[in-house]
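Trainee: The sequence shown begins at 15 in the numbering used here and counts up by one.
Beta carbons: idealized from backbone N, C-alpha and C, even for Gly.
This structure is a prediction, so every number in the text was calculated from the model and none was measured.
Supplied in structure tokens, the structure appears directly below.
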Amino acid sequence: MAERFMKDMLVQVEPLIPALRRYARALMRERAAADDLVQDCLERAVSRWHQRRNGSVRAWLFTILHNLAVTQFRQATARGRHMPIDDAGERELVSAAEQEHRLIYQDVMGKLAKLPEEQRAVLLLVAVEDLSYADAADVLNIPIGTVMSRLSRARERLQQEMDGVATGNVVALRSVK
């Protein structure tokens with residue numbers, strides 16, 4: 015009985031792992047932290063499989079992942095980030111991009127990181143992970159209208175950042191003659 019239960023769960027969860035890793039990497043911006051987050055998510059899903067509702071397994075897993083990430087962000091803000099220099103690898107100490115696509119990727123990820131967390135989460139879930147507005151609303155526990163407005167603002171702000179137009183709270187002045 016337990017073997018069948020595990021097999022049924024694996025059939026539903028295993029195909030979603032790459033998408034969970036993508037989302038976690040975009041949120042965490044560090045491969046090791048993202049992999050740890052996905053592992054924590056899967057452990058929680060396995061231990062609470064009996065508590066899930068009959069809705070989308072995909073949305074349920076993204077909800078778990080998102081909530082764990084938010085908790086980690088809050089904890090990191092409270093205690094700050096610390097990394098002993100002996101544990102830091104070359105990637106943490108040196109930032110040398112040798113290929114154009116890597117530079118573009120870093121540029122986009124940097125601009126994505128400038129978005130408020132609420133807008134970034136909606137943009138990643140809908141545009142990258144291809145969740146429906148309803149599923150994204152379920153994952154984030156917000157109304158669909160809020161998903162749509164956050165997505166619109168995120169897209170607009172990201173486009174402004176990419177065009178080099180975004181100035182934060184500074185209003186660009188023009189002279190009138």
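1. Buried or exposed: where does I118 fall if 16 or more other Cβ atoms within 10 Å of its Cβ makes it buried?
2. Closest to N155 by CA distance: which of I78, A102, E17, K128 is it?
3. Suppose you measure from the CA of G69 to the CA of E132; what does that come to, to the nearest Å?
4. In terms of residue numbering, what span does the alpha helix (DSSP H) encompassing W74 cover?
5. Can you list, in chain order, the residues of its chain with a C-beta nearer than 8 Å to that of R36? Leave out the 5 residues immediately preceding and following it.
6. Rounded to whole angstroms, what is the Cα-Cα separation between V52 and D177?
7. Please classify H64 as buried or exposed, where buried requires at least 16 neighbouring CB atoms within 10 angstroms.
8. Taking M42 as the reference, give the member of A150, N81, R164 with the closest Cα.
9. Suppose the cutoff is 7 Å on Cβ atoms and the five residues either side in sequence are ignored; what does the same chain contact list for R88 look like?
10. Just to confirm my understanding: we take L145, look at its own chain, exclude 5 residues before and 5 after, and list those with CB closer than 6 Å. What are they?
11. Per DSSP, what kind of secondary structure is L24 in: helix, strand or coil?
12. What does a CB cutoff of less than 8 Å around I31 pick up in its chain, not counting 5 residues either side in sequence?
Mentor: The structure says:
1. exposed
2. I78
3. 23 Å
4. 71-93
5. V142, E143
6. 33 Å
7. exposed
8. N81
9. none
10. L139
11. helix
12. V52, L56
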